[in-house]
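Heads up, the sequence shown is in UniProt numbering, so the first residue is 1 and it goes up one at a time. C-beta atoms are modelled at their ideal positions from N, C-alpha and C, and glycine is treated no differently. This structure is a prediction, so every number in the text was calculated from the model and none was measured.
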Amino acid sequence: MRIARLLGVVLTIVTVGLAGGMLLAPPTAAQPPFRLPGYVTDNAGVLTGSDRAEVTSAINELYADRHIRLWVVYVDNFSGQSAMNWGQSTFRSSELGSYDALLAVATVARSYVFLVPSTVPDVSAGQVEDLRRNQIEPALRSGDWGGAAVAAANGLNKSPSSSGKVILLVALGVIVVAVVILLVVMRYRARRRRADALAAARRVDPTDQRALAAVPLDILDDLSRSMVVAVDNAVRTSSNELALAIDEFGQERTAPFTRAVDNAKAALAQAFSVRQQLDDSAPETPAQRRELLTRVIVSAATADRELEAQTEAFEQLRDLVINAPSRLDMLTQQYVELTTRMAPASSGWPTCTTNSATRR
């Protein structure tokens, strides 16, 4: 009996000891912070082969596109530490740098930490918070451990302000277009004002120096250029007409036209010389420039007027020659009619004289 009682006590003690051991043993193994051996560390054994492949692919793509290194670690729990403390300790132990991010997940404790240093390029705190709340956390809540890591990698692989950059680019594009339109409108208005001012200047007597003194200097410059071109064209045309006139009417009758063409050529040569002086590298004072421009305009206008006068005289002469036959016919007809009218009067005149003499 004593032996039986002793055996019962021993069995009871062993049973209680075994039961107590099961109650006191931790449900999972505690994992203190440690140096990460690779980009994907699954000490909790929650990733399947395909999960690991997807996570690794997303991490590699992130590095290829943005040169950001994402480290992912799964453990059962954080050994009694807060997720932040455990993650920061592991970050330091792994000697991660300014281009590294860490996603640490305690699968049993249902806790995680997502560490992204502010030095990671083109990743804002707002983006990290949005990524954590809207992508990583929902995946972890549903037990999609690999999906959470893939979401973290893909989220970091997007520019934090991708939409903001698009808006910025659109805004910059709108500003550029607006500036271009503004410049075009301003240039158009400036050219229109200048054209109107030039048209007004052309209505001024180009030989009147006092009137030219009221014209703005830049408009005076435009006026001189246009007048030099006009006189040059007039001289070319008049020279050709002069050659024909000399063949048709001779040197003597075309002498005034010849003098006008020669004077215009001389004025044109002087104008070209002054224009060359104005366009060279040596600057002139505004007063000097106005004086030179006025000289060009006055001389060109004088030569042009003389050419016009002689051209009109030449046209009248040519018209007279061209219409000479018809005019001769007209004069002949007028002479015949006049002679016909005078015939009866001349035949009756002697009779009147004879009768007068007889009466006497």
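Along the chain, where does the beta strand (DSSP E) that runs through residue i open and close?
i    : result
D100 : D100 to A106
S142 : No beta strand (DSSP E) contains S142, which DSSP labels as neither H nor E.
V128 : Where V128 is concerned, there is no enclosing beta strand (DSSP E), although the alpha helix (DSSP H) it sits in stretches over A125 to L131.
T41  : V40 to D42
R66  : First-last for R66: G49 to R66, but that is the alpha helix (DSSP H), not the beta strand (DSSP E).
R69  : R69 to V75
For residue i, I'd like the list of residues in its chain whose CB is within less than 8 Å of its CB, leaving aside the five on either flank, ordered along the chain.
i    : result
P286 : L217
V14  : Confidence at V14 is low in this model, with a pLDDT of 30, below 50, so its placement is unreliable and the value that follows should be read with caution. There are no such residues.
T340 : none
N43  : Q31, V73, Y74, V75 and D76
I136 : L103, Y112, F114, A148, A151, A152 and G155
P26  : In this prediction, P26 has a pLDDT of 43, which is less than 50 and means its spatial position is unreliable; nothing more can be read from the coordinates.
D279 : none
T56  : Y39 and V40
A178 : none
R52  : V40, D42 and G146
Rounded to whole angstroms, how far is the Cβ of residue i from the Cβ of residue j, which I believe are closer than 8 Å?
i           : j    : result
T90         : V72  : Going by Cβ atoms, the distance from T90 to V72 rounds to 11 Å, so no, they are not a contact pair.
residue 365 : I219 : With the chain represented from 1 up to 360, any question about residue 365 goes unanswered, as that position is not in the structure.
A303        : T207 : Contact flag wrong, Cβ pair sits at about 11 Å.
V296        : A271 : 5 Å
residue 365 : D205 : Absent from the structure is residue 365, since the part of the chain shown begins at 1 and ends at 360.
T119        : W145 : Rounded, the Cβ-Cβ distance is 28 Å, inconsistent with contact.
L223        : V231 : Going by Cβ atoms, the distance from L223 to V231 rounds to 12 Å, so no, they are not a contact pair.
L242        : T258 : 6 Å
S239        : V261 : 6 Å
P117        : S98  : 6 Å
V228        : R275 : 6 Å
F78         : A109 : 6 Å
Please work out which residues of its chain come closer than 7 Å, Cβ to Cβ, to residue i, disregarding the five sequence neighbours upstream and downstream, and give them in chain order.
i           : result
G87         : L102, A104, V113 and L115
residue 363 : Only positions 1 to 360 of the chain appear in this structure, which leaves residue 363 out of reach.
L96         : W71 and L102
Q209        : T294 and V298
E54         : G146 and V150
R289        : L217 and L278
F34         : T90 and S93
L36         : W71, V73, T90 and S94
R132        : F114
L169        : none
Please report the residue range of the alpha helix (DSSP H) in which residue i lies.
i    : result
S93  : A83 to S93
S281 : No alpha helix (DSSP H) contains S281, which DSSP labels as neither H nor E.
D111 : The amino acid occupying residue 111 in the given sequence is Ser; Asp does not appear at that position. Where S111 is concerned, there is no enclosing alpha helix (DSSP H), although the beta strand (DSSP E) it sits in stretches over S111 to L115.
V228 : L217 to R253
L96  : No alpha helix (DSSP H) contains L96, which DSSP labels as neither H nor E.
L36  : L36 -> no alpha helix (DSSP H), and no H or E assigned at all.
R210 : Q209 to A213
Taking 6 Å as the limit between beta carbons, can you name the residues of its chain near residue i, skipping five residues before and five after?
i    : result
A153 : A58, I59, L62 and L70
A80  : Just to set this straight, residue 80 is Gly in the shown sequence, not Ala. If we look at G80 and ignore the five residues flanking it on each side, it has no Cβ neighbours.
D65  : N157
I246 : T254
R201 : The amino acid occupying residue 201 in the given sequence is Ala; Arg does not appear at that position. Only V215, I219 and L223 meet the Cβ criterion.
Q310 : P256, F257 and A260
Does the CB of residue i have a neighbour CB from chain C at under 8 Å?
i    : result
E137 : Protein chain content of the structure displayed is limited to a single chain, and chain C is not contained in it.
| said: So, does the region 138-149 touch the region 45-57, judging by three or more C-beta pairs under 8 Å? | reply: Yes, since at least three Cβ pairs between the region 138-149 and the region 45-57 fall closer than 8 Å, the two stretches touch.
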